[in-house]
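Report on the following structure.
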Amino acid sequence: MEIAPKIYSLPAGRGEFMGLFPPNVYLVAGRRAALIDAGYGDPEAVGSRLDFIRNFSLAYILITHAHPDHIGGAEEFRRATGAVILAHPEESVSRAEGKLEDGQVLDLEGAKIRVVHTPGHTRGHLCFLAEEAGVLFTGDHILGLGTTVIRPHQGDMGEYMESLRKLLDLPLKLIAPGHGPVVRQPQAKVRELLQHREERERQVLDCLRRGIGDIPGMVREIYPELDGRLIPMAREQVLAHLMKLVKEGRAEEKDGGYHIV
Ligand SMILES: [Zn+2]
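Pasting the structure below:
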């Protein structure tokens, strides 16, 4: 499916994906082409995408981050096309032959892709901007629906929010996320996500002010109606916020709990 001129969303298999939205794979075509992420590596999904990719001269396989639903098929595509796998140095992507850094521009001869480093979900997470079309490929930094999981020891809430703010300055027309539908009002989406995190942070601070300094207690306050299966994830999000506040000197951890500074 063509989501913008010469930019395609490729049919993707579900792989072993359990969530609502399986990973999206995109192709940007100039005289040479780039694949954005690679989905899972199961033969059926890879085969159906390869049939389409063979119509183009694939030069690059660009990786937003090294989670299995984004890199699983990369090696298969590399072998079938000879394209080069590129990722940020902080992501461990096997077979990556080159490293990408913030601000770098890849010329596809007819389309240019700018690399935007957006740490937060992972340390080396990248977004890719198709400059002429104003399409930003966001991997797991921004999802079509819902909010990104920030795992405290894999990602960083402070960096995540900073990386969202960074996108407010970009000339965006469309967001093509790693999961879920495309977003047609990019700036409104970025602002909405920022506000959501700022609101959570206020709630966490409010708990601390009221002397609620244990994570399970905070989750009960902040997410009172939460489905039991989602509690572990909610605890991680609260911890990610607490770690941000500790880093900023606004909270401290002592005597087995968190306290306002
Ligand atoms: Zn991810």
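Just add 136 to wherever you are in the sequence shown, counting from 1, and you've got our numbering.
We treat Cβ as the ideally placed atom computed from N, Cα and C, and that holds for glycine.
Note that the structure is a prediction, hence the values are computed from the model and not measured.
Subject >> Range covered by the alpha helix (DSSP H) that runs through Thr200 >> reply: Unbroken run through Thr200: none, as it is neither H nor E.
Original post:
Is the number of C-beta pairs between the stretch 184-203 and the stretch 257-272 that are closer than 8 Å three or more?
Top reply: Taking 8 Å as the limit for Cβ pairs, the verdict is that the stretch 257-272 does touch the stretch 184-203.
Subject >> Residue range of the beta strand (DSSP E) that includes Lys248 >> reply: That run of the beta strand (DSSP E) goes 248-253.
Original post:
What whole-angstrom Cβ distance do His395 and Met293 have, given they're in contact under 8 Å?
Top reply: Under the criterion of beta carbons closer than 8 Å, His395 and Met293 do not qualify as touching, at roughly 18 Å.
**OP:** May I ask you to list the residues that DSSP assigns as paired with His395?
**Re:** Looking at the DSSP assignment, His395 forms a beta bridge with Glu388.
**OP:** For the beta strand (DSSP E) containing Gly275, list its first residue and its last residue.
**Re:** Per DSSP, Gly275 belongs to the beta strand (DSSP E) from 271-275.
Original post:
With which residues is Ser145 paired in a DSSP beta bridge?
Top reply: Paired residue(s): Tyr162.
Subject >> Check: Asp276 C-beta below 7 Å from any heavy atom of ligand 1 >> reply: For ligand 1, at least one heavy atom lies less than 7 Å from the Cβ of Asp276.
Original post:
For Leu310, which beta-bridge partners are listed by DSSP?
Top reply: For Leu310, which the question treats as bridged, DSSP gives the partners Val271.
Subject >> Contacts around His277, its chain only, beta-carbon distance under 7 Å, and the 5 residues preceding and following it disregarded >> reply: Within the same chain, Cβ atoms closer than 7 Å to the Cβ of His277 are found at Thr254, Gly256, His257, His261, Cys263, Thr284, Ser299, the five residues on either side in sequence being excluded.
**OP:** Give me the Cα-Cα distance between Leu222 and Ser230, rounded to the nearest whole angstrom.
**Re:** Inter-residue distance for Leu222 and Ser230 is about 10 Å (C-alpha atoms, whole angstroms).
Original post:
At which residues does the beta strand (DSSP E) containing Asp84 begin and terminate?
Top reply: Any answer about residue 84 is impossible in this case: the structure gives the chain only from 137 up to 397.
Original post:
Given Arg333, which residues of its chain have a CB within under 6 Å of its CB, disregarding the five upstream and five downstream residues?
Top reply: Close CB contacts of Arg333 within its chain, under the 6 Å cut and outside five residues either way in sequence, are with Met297 (chain order).
**OP:** Examine ligand 1 and report whether any of its heavy atoms sits within less than 7 Å of the Cβ of His201.
**Re:** Relative to ligand 1, the nearest heavy atom lies less than 7 Å away from the CB of His201.
**OP:** Tell me whether His224 sits in a helix, a strand or coil according to DSSP, three-state version.
**Re:** Per DSSP, reduced to three states, the secondary structure at His224 is coil, with no helix or strand assignment.
Original post:
Of all the options Met137, Pro147, Ile143, which has the alpha carbon lying nearest to the alpha carbon of Ala269?
Top reply: In terms of CA proximity to Ala269, Ile143 leads the group Met137, Pro147, Ile143.
Subject >> Beta-carbon contacts of Ile351 that lie in its chain and below 7 Å, excluding the five residues immediately before and after >> reply: So the qualifying residues of the chain are Arg371, Val374, Leu375.
Original post:
Thinking C-alpha only, which one of Ala170, Val318, Ile249, Lys302 is nearest Phe157?
Top reply: Checking every option, the nearest Cα to that of Phe157 belongs to Val318.
Subject >> Strand pairing of Ala140, partner residues [DSSP] >> reply: Bridge pairing for Ala140: Ile143 [DSSP].
Subject >> First and last residue of the uninterrupted alpha helix (DSSP H) at Ala170 >> reply: Not the alpha helix (DSSP H): Ala170 falls in the beta strand (DSSP E), residues 169-172.
Original post:
What is the rounded straight-line gap between the Cα of Glu245 and the Cα of Arg168?
Top reply: If I take the Cα positions, the gap works out to 6 Å.
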